[in-house]
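Enquirer: Before we start, here is the structure in question, set down as structure tokens.
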């Protein structure tokens, strides 16, 4: 640890409730802040130092991890296969979330592993892409910029569904 220096944790900017920055105080907030407080209080090592490094997207953070700029990424959801393909190691999850499907009220489609629905996905959301590919392999994914754009796409009929973590809702 002394030779390595600070443990650099990449996180997604403005991705509350998982991680965000309080603009007025400059303090990290969300689950990552809680996890770091727990780690600092329970590891009892004065030699541990953590540096939080914000990234605009999860993909940017993963690229930084792969290039060695940071040591880990939070939060990230990758299947074991996807992680293996990228040469990454996954830890056990520190938080778990339920995924909610949001569909039009008038829609009678049901989600199953055989669904061919079109999912609106917030662009650069590796976590949601991976979840959809794992659970709905025959579905189509269309990226939109921002969660509101995904909701609008479903409402307007440009997509059938958007999947959102219960924490995000």
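Numbering (this note's numbering), first residue to last: 5 to 173.
Ideal Cβ placement from N, Cα and C applies to all residues, glycine included.
Would you check if there are 3 or more beta carbon pairs closer than 8 angstroms linking the region 115-130 to the region 160-170?
Expert: Verdict: yes, contact present.
Enquirer: Do you know whose CA, among 46, 106, 135, lies nearest residue 86's CA?
Expert: Nearest C-alpha to residue 86: 135.
Enquirer: List the endpoints of the continuous beta strand (DSSP E) containing residue 107.
Expert: Looking at the DSSP string, the run of the beta strand (DSSP E) that includes residue 107 is 103-107.
Enquirer: Might you give, ordered along the chain, the residues of its own chain that have their beta carbon closer than 6 angstroms to the beta carbon of residue 79, omitting 5 neighbours on each side?
Expert: These residues qualify, in order along the chain: 22.
Enquirer: What distance in whole Å lies between the Cβ atoms of residue 158 and residue 201, which are believed to be in contact at a cut-off of 8 angstroms?
Expert: Lying before the first or after the last residue shown, residue 201 is absent from the chain, which here runs from 5 to 173.
Enquirer: Assign residue 136 to one of three DSSP states: helix, strand, or coil.
Expert: Note: residue 136 maps to helix in three-state DSSP.
Enquirer: Is it buried or exposed for residue 149, if we count other Cβ within 10 angstroms and need 16 for buried?
Expert: So residue 149 counts as exposed.
Enquirer: Applying the 10 Å Cβ sphere with the 16-neighbour rule, what's the burial state of residue 129?
Expert: Classification of residue 129: buried, given that the 10 Å Cβ count is 16 or more.
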